[in-house]
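Notes follow once the structure below has been shown.
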Amino acid sequence: ADTTKWEWLVNQHRDSYCSYMGHFDLLNYFAIAENESKARVRFNLMEKMLQPCGPPADKPDES
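Residue 24 in the UniProt record's numbering is what sits at position 24 of the sequence shown, and the numbering runs on without skipping anything.
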């Protein structure tokens, strides 16, 4: 497999965030737990999707 550990973690985090946003009751739960509006929770989850695990590690040259 050509998927790096970082890529696998990013995909897993993004999939989780999409699932949270897609399940209305779970989004409500997060909003109540964080004392935020549902729109703010959705916005924060979308912001986290940009780089959920930080910047990628430098790949070694394969030359």
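Just so it is clear, CB atoms sit at the ideal spot from N, CA and C, and this is done for glycine as well.
Item, Value
"Own chain partners of Asn28 with C-beta closer than 8 Å, once the 5 adjacent residues on each side are dropped", "Lys38"
"Proximity of Pro55 and Val10 at Cβ, strictly below 7 Å", "no"
"Host alpha helix (DSSP H) of Cys18 (start-end)", "Lys5 to Gly22"
"Whole-angstrom distance between Thr3 and Phe30, CA atom to CA atom", "31 Å"
"Nearest-angstrom Cβ-Cβ length linking Tyr17 and Leu45, presumed shorter than 8 Å", "5 Å"
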